[in-house]
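Written out below as structure tokens is the structure these notes cover.
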Amino acid sequence: MKKIDEYEYPNKKHFIKSALGYNRGEVDLFLRQLAENPLPPEQIKNKSFSSSAMGYDKQDVKFYLQELAAYRYNIEHADEQERKRLESLAKVDLAHPDFKVVFRGYNPCEIDEFIQKTHTPKEIYEAHFTKQFRGYNTYQVDFYLDAWIQKLKGNL
Numbered sequence: 011m012k013k014i015d016e017y018e019y020p021n022k023k024h025f026i027k028s029a030l031g032y033n034r035g036e037v038d039l040f041l042r043q044l045a046e047n048p049l050p051p052e053q054i055k056n057k058s059f060s061s062s063a064m065g066y067d068k069q070d071v072k073f074y075l076q077e078l079a080a081y082r083y084n085i086e087h088a089d090e091q092e093r094k095r096l097e098s099l100a101k102v103d104l105a106h107p108d109f110k111v112v113f114r115g116y117n118p119c120e121i122d123e124f125i126q127k128t129h130t131p132k133e134i135y136e137a138h139f140t141k142q143f144r145g146y147n148t149y150q151v152d153f154y155l156d157a158w159i160q161k162l163k164g165n166l
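Okay, structure coming up:
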């Protein structure tokens, strides 16, 4: 997992060097500028550099810029994403869960028993279920439990 520092301080990022890569001076200058004056994610992702001998590996630079753009986008749109997530969770029918049975999923008996009891948000968050063949869809169960937590916290 990458350190957040690589996204917060792009000028500290180190790239692999290759025989024919991006001009190191251009890349370093761009990253210093990003550290001082953040650009919109689209401009970060679409930035181009000239090639030079013994430059930074092109794939390494492109991949990093795409990750950095995604990171900045997520920060800029965090409130909107949380609002949409809560809207989706509000649509979950907590009284009548309807989980699909899939090839490999959570043990239905454990889930059904767990749902019948009253829990605190912490207990729900810390719950672990065994997986088995022909179990409840894990994504649906996790989404349901997330909705339950938000309901208990008063966010829904």
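Residue numbers (this note's numbering): 11 to 166.
Glycine residues also receive a C-beta, built at the ideal position from the N, C-alpha and C atoms.
Proximity below 9 Å, CB of residue i to CB of residue j
i, j, result
"Tyr154", "Phe139", "no"
"Ile54", "Arg82", "yes"
"Lys57", "Gly31", "no"
"Val71", "Phe25", "yes"
"Val102", "Ala157", "yes"
Backbone CA spacing between residue i and residue j [nearest angstrom]
i, j, result
"Arg42", "Phe59", "15 Å"
"Asn21", "Phe113", "46 Å"
"Glu86", "Pro118", "39 Å"
"Ala45", "Lys163", "37 Å"
"Leu99", "Arg34", "46 Å"
"Ile159", "Ala79", "31 Å"
"Met11", "Glu18", "Only weak support exists for where Met11 lies, its pLDDT of 45 falling under 50; the value from the coordinates is given anyway. Their Cα atoms are separated by approximately 15 Å."
"Ile134", "Phe40", "45 Å"
"Ala88", "Arg95", "10 Å"
"Glu97", "His129", "23 Å"
Given residue i as reference, the closest of the options once Cα atoms are compared
i, options, result
"Ala137", "Phe143, Lys127 and Arg144", "Lys127"
"Gln150", "Leu162, Asn33, His24 and Pro107", "Pro107"
"Phe143", "Leu104, Val111, Lys68 and Leu39", "Val111"
"Asp38", "Glu123, Lys141 and Tyr66", "Tyr66"
"Ile121", "Phe109, Glu77 and Thr130", "Phe109"
"Ser62", "Arg95, Glu133, Gln91 and Glu36", "Glu36"
"Tyr15", "Pro50, Lys161, Leu49 and Glu77", "A small fix is needed here, since residue 15 is Asp in this sequence, not Tyr. Closest by alpha carbon: Glu77."
"Pro51", "Leu104, Asn84 and Phe40", "Asn84"
"Ala105", "Asn47, Pro48, Lys161 and Asn165", "Lys161"
"Pro131", "Gln91, Gly145, Asn165 and Tyr146", "Asn165"
Presumed contact (8 Å Cβ cut-off) between residue i and residue j, rounded CB distance
i, j, result
"Lys23", "Tyr74", "6 Å"
Exercise for the section: Any chance you could list the beta strand (DSSP E) runs of at least 3 consecutive residues sitting entirely within the stretch 83-132, in chain order? Expected result: 111-116
Exercise for the section: Starting from the N-terminal side, write out each stretch of the beta strand (DSSP E) that is 3 residues or longer and does not extend beyond the stretch 21-60. Expected result: 27-32
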